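**Student:**
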Amino acid sequence: MPEGHLIHRHADEQQAALGGRALRASGPQGRFDARPYDGRTLARVEALGKHLLYHFADAPAIHVHLGMRGIFLRYDDPGEEPRRGTRLRLAADDVAFDLIAPIQCETYGPAEVAALRDSLGPDPLRPDASRDEAVRRLDAFGGPVGAAILDQKVWAGIGNAWRAELLFLVGLHPGVRDVGAERAGRLWDAAAAYLALGRDAGQVVSDPGHPDERWVYRREHCRRCGTPVLTWQLASRTAYACPVDQPGEG
DNA sequence: TAACGATGCATAT
DNA sequence: TATGCCTCGTTAC
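For the first sequence, this note's numbering begins at 374 and goes up steadily by one.
1) Which same chain residues, not among the five before or five after A564, have their C-beta less than 6 Å away from its C-beta?
2) Could I get the ranges of all uninterrupted alpha helix (DSSP H) runs contained in the region 450 to 520, with 4 residues as the minimum, in chain order?
3) With Q606 as the anchor, note down where its beta strand (DSSP E) starts and where it stops.
4) Suppose you measure from the CA of V437 to the CA of Q619; what does that come to, to the nearest Å?
5) Measure the Cβ-Cβ separation of G443 and A529 and say whether it is below 8 Å.
6) Nearest CA to the CA of L425: which residue from A521, A554 and D385?
7) Please determine, among V486, D431, G377 and R460, the residue with the shortest C-alpha to C-alpha distance to F405.
8) Which residue marks the beginning of the beta strand (DSSP E) containing A446, and which one marks its end?
9) Measure the C-alpha to C-alpha separation of A487 and P517 and round it to an integer number of angstroms.
10) Between which two residues does the beta strand (DSSP E) harbouring L396 extend?
11) What's the call for P475, buried or exposed, on a 16-neighbour Cβ count within 10 Å?
12) Classify S492 as buried or exposed, calling it buried when 16 or more other Cβ atoms lie within 10 Å of its own Cβ.
13) Between S399 and Y481, what straight-line distance do the alpha-carbon atoms span, to the nearest angstrom?
14) Just curious, the beta strand (DSSP E) that Y613 is in, first and last residue?
15) Just curious, the beta strand (DSSP E) that A529 is in, first and last residue?
16) State the DSSP-derived secondary structure class of R556, mapped to helix, strand or coil.
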């Protein structure tokens with residue numbers, strides 16, 4: 374489930390629980406050497422799109438990407454044994470967070486942190502994101518809008534479920550190529566609003582009155598009009614669209 | 001209980 | 001293009 378809204382949720386939760394505290398760090402699985410971090414103070418947990426950065430005062434950052442399978446487990450008793458395969462445990466005296474099956478968990482020096490920031494477009498959940506820059510990057514992308522918003526260099530944090538639902542919400546077919554500044558701006562505003570709802574709810578929310586429902590994502594029929602949902606491959610992922618509510622095939 | 005696909009993407013081929 | 005992540009929910013058997 375880890376699209377950007379859940380990464381931000383993890384960052385917020387772990388910042389609140391662990392930020393500013395001296396931590397016990399361990400790598401039970403053996404694939405990540407956590408010893409340099411044991412006893413260090415965690416300055417800040419930061420989300421950038423689907424990436425997490427753990428900043429320490431006197432040590433390089435830790436970079437984590439969950440990929441599709443990565444998860445965090447929270448233990449309110451840090452004495453609990455980590456389950457097999459735990460890549461990283463960060464613990465205070467009253468809580469522990471275990472990282473399982475991430476696609477990336479590694480030490481990042483300042484240059485790597487800077488390169489990561491450079492590689493990502495604006496993140497609709499970050500207060501420092503520029504709407505103008507987001508519109509510029511989307512408008513400048515040559516291909517279909519459904520490929521653009523999955524490209525993390527264009528916007529950071531959107532995944533396949535949000536692609537489907539956000540494009541539905543603004544009535545835009547994923548194949549449309551020349552979105553223009555006005556529609557790009559409306560799509561950005563929807564992303565910022567709905568990802569915030571999703572972060573707070575802990576799931577994709579595309580209809581606040583029915584948070585467990587989707588409009589087209591992984592549906593047979595459009596939830597609004599009942600027309601069969603079209604599916605095809607776009608940017609190596611399954612795209613979903615209602616031909617009635619999202620006209621204008623690219 | 002097993003198979004399968006999935007909300008991601010780095011890495012190998 | 002294929003595969004690997006100590007995964008998970010749903011579906012099929």
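Note that beta-carbon positions come from the ideal geometry of N, C-alpha and C, so glycine has one too. The model shown is predicted, which means the values in this text are computed figures rather than measured ones.
**Tutor:** Put simply:
1) Working through the first sequence from its first residue, we reach residue 564 at position 191. So the list reads P497 and L539, once near-sequence residues are dropped.
2) 483 to 492 and 504 to 513
3) Taking the first residue of the first sequence as 1, we reach residue 606 at position 233. L603 to L607 is the extent of the beta strand (DSSP E) around Q606.
4) Within the first sequence, residue 437 is the residue found at index 64, counting from 1. Within the first sequence, residue 619 is the residue found at index 246, counting from 1. Looking at the two C-alpha atoms, the distance is approximately 36 Å.
5) The residue you call residue 443 lines up with position 70 of the first sequence. The residue you call residue 529 lines up with position 156 of the first sequence. Taking 8 Å as the Cβ cut-off, G443 and A529 do not qualify as a contacting pair.
6) Numbered from its first residue, the first sequence carries residue 425 at position 52. Comparing Cα-Cα distances from L425 to each of A521, A554 and D385, the minimum goes to D385.
7) Taking the first residue of the first sequence as 1, we reach residue 405 at position 32. It is R460 whose Cα lies nearest to the Cα of F405.
8) Mapped onto the first sequence, residue 446 falls at position 73. Checking the sequence, you will find Leu at residue 446 rather than Ala. Taken as a continuous stretch (DSSP letters only), the beta strand (DSSP E) holding L446 covers I444 to Y448.
9) The sequence position of residue 487 within the first sequence is 114, counting from 1. The sequence position of residue 517 within the first sequence is 144, counting from 1. For A487 and P517, the distance between alpha carbons rounds to 29 Å.
10) As a working note, residue 396 is residue 23 in the first sequence. Taken as a continuous stretch (DSSP letters only), L396 belongs to no beta strand (DSSP E), as it is neither H nor E.
11) Locating residue 475 in the first sequence gives position 102, counting from the first residue. Buried, because 16 or more other Cβ atoms sit within 10 Å of the Cβ of P475.
12) In the first sequence, the residue the question calls residue 492 occupies position 119. Result: exposed.
13) As a position in the first sequence, residue 399 is number 26, starting the count at 1. As a position in the first sequence, residue 481 is number 108, starting the count at 1. Cα-Cα distance, rounded: 17 Å.
14) Along the first sequence, read from residue 1 onward, the residue named residue 613 stands at position 240. R610 to A614 is the extent of the beta strand (DSSP E) around Y613.
15) On the first sequence, position 156 is the one that residue 529 refers to. First-last for A529: undefined, no H or E at that position.
16) Locating residue 556 in the first sequence gives position 183, counting from the first residue. Correct three-state label for R556: helix.
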